[in-house]
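In what follows, a structure is listed as structure tokens, so that the remarks can point back to it.
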Amino acid sequence: MTPEELVEALAPIRLPPEVARFGPMDALIAFALGLLLALLLRAVLPSLTARKASPEAQARRALAAASQLPADERLFRLAHLLRQLDPDDQIPRPAGLSAQLYDPAHAPDTAPLEAAILAAARRKERGA
């Protein structure tokens, strides 16, 4: 028996006529599934394709958030942020930082520390 004869000997597909026909209900179901898929993609794609903020932008946001804290907490937060951005101490630390951190009588000056944080963020952004 040749392959052509074998194909001719096969019985025809036996589907009920109402199943074999593509009707309006099937079209509505396909449309609804398409809408569900579109909603799912709209929810998922922005998180997958969003650009990550640059290290400098993240540092500026962290500086803005730290500015709302009391002076001693702000100084600690800024020192921690500098340690995160520059763990190898490649950016020079402001003079007197240890004294400011450990001596409560010392008035904290955060401007040099903020400048060091931004320099570390720029260095990280360049990939150096």
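Counting in the working numbering, the sequence shown runs from 95 upward without gaps.
Backbone N, C-alpha and C fix where the C-beta goes; we use that ideal spot for every residue, glycine too.
Could you have a look at residue i and say whether DSSP puts it in helix, strand or coil?
| i | result |
| --- | --- |
| residue 220 | helix |
| residue 192 | helix |
| residue 143 | helix |
Rounded to the nearest angstrom, what separates residue i and residue j at their Cα positions?
| i | j | result |
| --- | --- | --- |
| residue 159 | residue 220 | 24 Å |
| residue 212 | residue 164 | 21 Å |
| residue 106 | residue 126 | 32 Å |
| residue 183 | residue 207 | 13 Å |
| residue 150 | residue 116 | 57 Å |
| residue 193 | residue 177 | 16 Å |
| residue 95 | residue 138 | 54 Å |
For residue i, tell me which candidate among the options has the shortest Cα-Cα distance.
| i | options | result |
| --- | --- | --- |
| residue 180 | 130, 120, 217, 115 | 217 |
| residue 170 | 196, 186, 150, 146 | 196 |
| residue 152 | 162, 175, 139 | 175 |
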